[in-house]
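In the order they appear, the protein sequences are chains A and V. The first sequence lines up with residues 1 to 115 when you count with this note's numbering. The second sequence lines up with residues 1001 to 1114 when you count with this note's numbering. No residue lacks a Cβ here, since even glycine has one placed at the ideal position from N, Cα and C. All of these numbers come straight from a predicted model, not from anything done at the bench. These notes concern the structure reproduced below.
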Amino acid sequence: GAVVSQHPSWVICKSGTSVKIECRSLDFQATTMFWYRQFPKQSLMLMATSNEGSKATYEQGVEKDKFLINHASLTLSTLTVTSAHPEDSSFYICSASIQGPYEQYFGPGTRLTVT
Amino acid sequence: AQSVSQHNHHVILSEAASLELGCNYSYGGTVNLFWYVQYPGQHLQLLLKYFSGDPLVKGIKGFEAEFIKSKFSFNLRKPSVQWSDTAEYFCAVTPKAAGNKLTFGGGTRVLVKP
């Protein structure tokens, strides 16, 4: 149980275009979803926290207009990287949690390459 | 803001050797503590967690960790590693007051030689 999927797993886009990444909790309803960014050989950096039906809370230094997060249902959150640039190339990972145990279940990640 | 430090960036050891990975955090309040593992090409998986109670926590695959409150530490141990333990290990902390917002350490890459 507690499976989280991400789609796509890998995407290449041209500079200036926008890319949407989906995060789904497959067998549970997630009260909260989180979006992380992982640079090569580095740790995960929390970008934002989203609760279903409300606006996402972004971490300091993360541009909310660039990284649009929508949490439309208890099983789906999306991250849209708008006007992507090569420096946005990274591994984006989502996680989902069920209220109470404070445990997060991680998706497999999406590798974004901006050319 | 809280921070999490993992002392070793890379560890190389042989099969059957014992493993200990250090993790220290800076936060004065009550915390929940986690160790996650990321096998090559796979997603993060929870190894073990500590919320309260017995400070010696046993997780999956023979791993255990000990919470020492006075040292702000949560070190991960395994008495005898296998080649399949080759992975990256992340310590993570969430202050109880912050809900379930995780702060990760920098990670430790462990390579087990067969």
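Range covered by the beta strand (DSSP E) that runs through Tyr1036 (chain V):
Sequence index remark: in the second sequence, residue 1036 (chain V) carries index 36 (1-based). Note, Tyr1036 (chain V): beta strand (DSSP E), Val1031 to Gln1038.
Under 7 Å (Cβ pairs) to chain V, residues found in the region 48–61 of chain A
Thr49
Would the beta-carbon of Ser50 (chain A) fall within 8 Å of that of Ile21 (chain A)?
For the purposes of this step, residue 50 (chain A) is identified with residue 50 of the first sequence, where counting begins at 1. For the purposes of this step, residue 21 (chain A) is identified with residue 21 of the first sequence, where counting begins at 1. No, Cβ-Cβ distance for Ser50 (chain A) and Ile21 (chain A) is not below 8 Å.
When burial is assigned at 16 or more other CB atoms within 10 Å of the CB, is Ile93 (chain A) buried or exposed?
Translated into positions along the first sequence, residue 93 (chain A) becomes position 93. By the 10 Å Cβ count, Ile93 (chain A) comes out buried.
Could you name the residues of chain A that Lys1101 (chain V) contacts, counting a contact when the two beta carbons are closer than 8 Å?
For the purposes of this step, residue 1101 (chain V) is taken as the residue at position 101 of the second sequence. Residues of chain A passing the Cβ test: Phe34, Leu46 and Thr49.
Going by alpha carbons, who is nearest to His85 (chain A) out of A:Ile12, A:Lys55, A:Lys41 and A:His71?
Position 85 of the first sequence, counting from 1, holds the residue named residue 85 (chain A). Ranking the options by Cα distance to His85 (chain A), first place goes to A:Ile12.
Can you find at least 3 beta carbon pairs, one from the region 1050–1067 of chain V and one from the region 1003–1011 of chain V, that sit closer than 8 Å?
no
What is the DSSP secondary structure of Pro86 (chain A), reduced to helix, strand or coil?
Position 86 of the first sequence, counted from the start, is the residue given in the question as residue 86 (chain A). Helix at Pro86 (chain A).
Three or more C-beta pairs below 8 Å linking the region 1075–1091 of chain V and the region 1034–1053 of chain V:
yes
Does the CB of Phe106 (chain A) have a neighbour CB from chain V at under 8 Å?
The residue labelled residue 106 (chain A) in the question sits at position 106 within the first sequence. Interface residue, yes.
Closer than 8 Å to chain A by CB, Phe1067 (chain V)
The residue labelled residue 1067 (chain V) in the question sits at position 67 within the second sequence. No, because no Cβ of chain A sits closer than 8 Å to the Cβ of Phe1067 (chain V).
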